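> Residue numbers (my numbering): 1287 to 1672. Backbone N, C-alpha and C define an ideal beta-carbon position, used for all residues, glycine too. For clarity, every value in this text was computed on a predicted model and none was experimentally measured. If you scroll down you'll find the structure; I have some questions about it.
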């Protein structure tokens, strides 16, 4: 989903803005609750995701798991979902009032308001339709617990890699800014007898670049963020970025297999599964699920649908003849696929963490050498009689 800014005329005649998360502009207008005749404009909020991540409060994953288990238990005891949430979820900590909860009707609406993980929304909707909401919430809790366990497996190496990356970038900018400016002052202003080497010139050149062209570099970063989808389409096949692309495809496949297994267990047929996922997805996955719906309508088997570079090849290989299997056989295939994709996803994550760490370390070491050879060595070898 994307974030949209809905600008409309308020009761006092002033222009007000409301941020809404939706798939399309039409859906944003509908979810905003604002009348069409007072809406001035609806535009995409490119920084909505960042703003939401910084400002929107949500429960940690372990608390979401505990809340789902508790809610399932209360539902089994005969309580309504709304009552169970009032008793078990600290919604006020999220900035949500009882009046906000009272406006919710469907289970998915409750969990969306409470900013639960998308899996909880998906299974709450599926459980509501099948009449097995408590069981669906238990499965959602188990899925989130398993995902959190997988995330923690590569969180430490990824954290180390990110830390190295931050230090490397800081060194790559900080050393030239300090060393380059000081060297320029010593050589061209104070006229000290320092022998300027090629490395010293590089150091001063980087300082000039950073201090005179910073606005262009900042503009490039902003444009890259705004047009990140187009930029990604061009660069996704590059050697290093290909690892990220492969990891994304594996993650997409893993999320589909998990959702497919959970939805079919809840009584969904293949057309219903793809229709449901199409309605709840956005961007490239939405187009892919739409294509899958068309392929199913043409009578193609599910294994053939995933014979596409956008999906991990292991999915199409294992789903060949899937419809001919018994229910137990299908369950085993999906479980094996989940385990295999989880392992592949973890391996890609570890490779990315290692690669990012090596690149960051290379930048850090290069920056230190640049500073040492371009600034420190010329100073200590300076001869007063030159």
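1. Can you give the Cα-Cα distance for residue 1433 and residue 1465, rounded to whole angstroms?
2. Return helix, strand or coil for residue 1280, following the three-state DSSP convention.
3. Is there contact here, the stretch 1350-1364 with the stretch 1416-1436, by at least three beta-carbon pairs under 8 angstroms?
4. How about the stretch 1632-1647 and the stretch 1525-1545: do they share at least three Cβ pairs that are nearer than 8 angstroms?
5. Can you check DSSP and say which residues form a bridge with residue 1330?
6. From residue 1672 to residue 1647, what does the alpha carbon distance come to, in whole angstroms?
7. Use the C-beta contact count for residue 1388: other C-beta atoms within 10 angstroms, 16 or more gives buried, fewer gives exposed.
8. Could you tell me whether any Cβ in chain D is nearer than 8 angstroms to the Cβ of residue 1475?
9. Let me know if residue 1415 comes out buried or exposed under the rule of 16 or more other beta-carbons within 10 Å of its beta-carbon.
10. Any idea what DSSP makes of residue 1584, helix, strand or coil?
11. Would residue 1559 be called buried (16 or more neighbouring beta carbons within 10 Å of its own) or exposed?
12. Answer yes if the stretch 1442-1462 comes into contact with the stretch 1616-1627, meaning at least three C-beta pairs across the two stretches below 8 angstroms, and no otherwise.
13. May I ask you to list the residues that DSSP assigns as paired with residue 1307?
14. For residue 1382, does the three-state DSSP call read helix, strand or coil?
15. Quick check on residue 1486: buried or exposed, where buried means 16 or more other Cβ atoms within 10 Å of its Cβ?
16. Would you list the one or two residues that DSSP bridges to residue 1325?
17. Among the candidates 1511, 1575, 1549, 1378, whose CA atom is the shortest distance from the CA of residue 1331?
18. Can you tell which of 1372, 1401, 1470 has the C-alpha that lies nearest to the C-alpha of residue 1344?
19. Specify, as a first and last residue, the run of the alpha helix (DSSP H) that residue 1368 falls within.
20. For residue 1520, report the span of its alpha helix (DSSP H) as first-last.
21. Using the C-alpha atoms, what's the distance from residue 1405 back to residue 1381?
The short version:
1. 46 angstroms
2. In the structure as shown, the chain begins at 1287 and stops at 1672. Residue 1280 is therefore absent and cannot be evaluated.
3. yes
4. yes
5. 1290
6. Residue placement at residue 1672 is flagged as unreliable, the pLDDT there being 48, under the threshold of 50; a coordinate-derived value is accordingly withheld.
7. Taking all protein chains in view, the Cβ of residue 1388 is surrounded by fewer than 16 other Cβ atoms within 10 Å, so the residue is classified as exposed.
8. Within the model displayed, chain D is absent; a lone protein chain is all it includes.
9. By the 10 Å Cβ count, residue 1415 comes out buried.
10. coil
11. buried
12. no
13. 1289
14. Three-state result, residue 1382: coil.
15. buried
16. 1294
17. Nearest option by C-alpha distance: 1511.
18. 1401
19. 1367-1374
20. 1514-1521
21. 22 angstroms
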